[in-house]
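Peer 1:
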Amino acid sequence: MFRHRTPKGSYECTVSGLRWLCERDVILKYHFRNWDPYSHLLKDMQYTQGGPLLDITMELGELEEVHLPHFVCLGTNPSLRNEMKILHVEEHGVSLEEVHEVTRFHAKILHPKFSAFSVILSLFSWDVDVHCELMLYLTVKRETLISRLYLFPSNRGQIQAVKQQEMSEGSKRILITNPEQSFKLNSSFRLNIPCSTSINPQVQFQ
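Next up, the structure:
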């Protein structure tokens, strides 16, 4: 759960990627929601995820703008801007909202009405490239060193979920460079590692 009190100005949360603009003092709180309960609904609507699902509540004031993070790579296909919508998950169902403006990593909404919401993308947009996150963790079980490598769209909610899961298992993260190129959504990949590969510096476990 994140909670911020901010005066007039523009702000960005470095963890969630959420940006907002306010004309007076506001208090907002928000947290990541799990996409799993809505996966079948999105499929029936012929849409797919375009970013994290954020549940936002205003405790004081209103926002002029909110900029939701997305992981769609627009450089290879700028027309994808026209395929983006905002999904609102409300108590009695869901609704769609048009995006006011799309930038490289955000979708802007003016005078937002809050609920759990996210950027989604039409399933008719088959040729979709996405920015990806690469995360490597090491852990020891029964004196055996186990490595786990994650490659997934740059969804801040998923990044936090992986971190929390790995920390609960006592794993150590190895910082590696994220892919410089984007990848096709829903594609399969193979990782080739030479037998002589080593990790430097060595990781110390308690």
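Heads up: the sequence shown at position 149 corresponds to 173 in my numbering, and the numbers run straight through without jumps. Built from N, CA and C at the ideal position, the CB exists for glycine as well. Treat the numbers as computed from the prediction; the structure is a model and nothing was measured.
1. From Lys-67, Gly-33, Thr-38, Leu-158, pick the residue whose C-alpha is nearest to that of Ile-51; which is it?
2. Can you tell me the Cα-Cα spacing of Ser-206 and Ser-139, whole angstroms?
3. Measuring only the C-alpha atoms, how far is Cys-46 from Lys-67?
4. Please report whether the beta-carbon of Leu-169 lies at a distance below 9 Å from any beta-carbon of chain D.
5. Among all the DSSP beta bridges, which residues are the ones paired with Ile-144?
6. What would DSSP say about Ser-103, mapped onto helix, strand or coil?
7. Let me know if Glu-115 comes out buried or exposed under the rule of 16 or more other beta-carbons within 10 Å of its beta-carbon.
8. Assuming Met-191 is part of the alpha helix (DSSP H), what are its boundary residues?
9. I need the straight-line Cα distance from Thr-100 to Met-82, nearest angstrom please.
10. Which of the three DSSP states is assigned to Asp-49 in this structure?
11. Do you know offhand how far Asp-153's Cα is from Val-126's?
12. Could you tell me how far apart the beta carbons of Phe-129 and Pro-93 are, in whole angstroms, since I believe they sit closer than 8 Å?
13. Kindly indicate which three-state DSSP category His-64 falls into: helix, strand or coil?
Peer 2: So, from the data block:
1. Distance from the Cα of Ile-51 is smallest, within the candidate group Lys-67, Gly-33, Thr-38, Leu-158, for Gly-33.
2. Distance between Ser-206 and Ser-139, taken at the CA atoms: about 30 Å.
3. Rounded to the nearest whole angstrom, the CA to CA distance from Cys-46 to Lys-67 is 35 Å.
4. Judged by its chain identifiers, the structure shown contains no chain D, having just a single protein chain.
5. Gln-73, Lys-109, per the DSSP bridge assignment.
6. Assignment of Ser-103 by DSSP, reduced to helix, strand and coil, places it in the helix class.
7. So Glu-115 counts as exposed.
8. Its alpha helix (DSSP H) spans residues 180–192.
9. Looking at the two C-alpha atoms, the distance is approximately 36 Å.
10. If DSSP states are grouped into helix, strand and coil, Asp-49 belongs with coil.
11. Distance between the alpha carbons of Asp-153 and Val-126: 15 Å.
12. That pair is a contact at about 6 Å.
13. DSSP places His-64 in helix when its eight states are reduced to three.
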